[in-house]
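Under the working numbering, the first residue of the sequence shown carries the number 3, and numbering increases by one thereafter.
Have a look at the structure below, then the notes.
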Amino acid sequence: MSNLEQTLSIIKPDAVERNLENKIKDFFEKNNLKIIKNKKVKISKEEASEFYKVHQTKPFYNDLCNYLSSGPIVVMVLEGENAISKNRQLMGATDPLKAEEGTLRKMYGISIDKNSVHGSDSLENGKIEINFFFK
Ligand code: IDP
Ligand code: MG
């Protein structure tokens, strides 16, 4: 049975800065996640705070919002079979040191805060996140 989903993906500032945009996009396409929307933006601290508000009680929240607003990012809607979980698998663990071989964060992540990519964690949050960037 098919389960076509959409998820939000972000190429974070550390990866954009290192010109990894095309490599990361190719990796998604090769793994059957189609990029159906795509734009490069720079968001404000306020926008980052809104985007990451689920983390507002975490000790790293302020740094996280400063970081996501520190430089250009590429936001994309990925579509494919089980896109939410598929993208999470392709990204690997949050901490690049713990990420599995062959995952984006293993290949490109610098540290837990500069981990190169974001991906929605559920269908519900995916819809909220897609709407945030592509209204
Ligand atoms: P995820 O990106 O794998 O879904 P989340 O737990 O949702 O991970 O955290 C959001 C982002 O916050 C992570 O991608 C990472 O950049 C940052 N982060 C998570 N945990 C820590 C931490 O313990 N220290 C610093 N930054 C963190
Ligand atoms: Mg998350």
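Note that beta-carbon positions come from the ideal geometry of N, C-alpha and C, so glycine has one too.
Proximity of residue i and residue j at Cβ, strictly below 7 Å
| i | j | result |
| --- | --- | --- |
| L10 | G82 | no |
| N31 | I86 | Note on residue identity: the sequence assigns Glu, not Asn, to residue 31. No, the pair does not count as a contact, with Cβ atoms beyond the cut-off. |
| S122 | G111 | no |
| H120 | I45 | no |
| L125 | L106 | no |
| V76 | E19 | no |
| N1 | M78 | Any answer about residue 1 is impossible in this case: the structure gives the chain only from 3 up to 137. |
Residue i Cβ short of 6 Å to the ligand MG heavy atom set
| i | result |
| --- | --- |
| D65 | no |
| D115 | no |
| D123 | yes |
Euclidean distance between Cα positions of residue i and residue j
| i | j | result |
| --- | --- | --- |
| I38 | T96 | 25 Å |
| K137 | I130 | 10 Å |
| Y63 | K36 | 31 Å |
| F29 | E48 | 31 Å |
| D16 | K116 | 6 Å |
| K14 | L70 | 7 Å |
| E114 | N34 | Per the sequence shown, the amino acid found at residue 114 is Ile instead of Glu. If I take the Cα positions, the gap works out to 26 Å. |
| S51 | N68 | 9 Å |
| K88 | G94 | 10 Å |
| K100 | P61 | 21 Å |
| P74 | E103 | 27 Å |
Among the options, nearest to residue i - alpha-carbon criterion
| i | options | result |
| --- | --- | --- |
| L80 | V18, N21, K27, K14 | K27 |
| S4 | N84, N24, I114, A101 | N84 |
| F135 | C67, N33, K25, K42 | K42 |
| K25 | Q58, M109, I132 | M109 |
Residue i beta carbon near the ligand IDP (any heavy atom closer than 6 Å)
| i | result |
| --- | --- |
| T59 | no |
| F135 | no |
| F53 | no |
| T96 | yes |
Self-check item: Segments of 3+ residues assigned as beta strand (DSSP E) that fall wholly inside the region 20-67
Solution: Runs found: 36-43.
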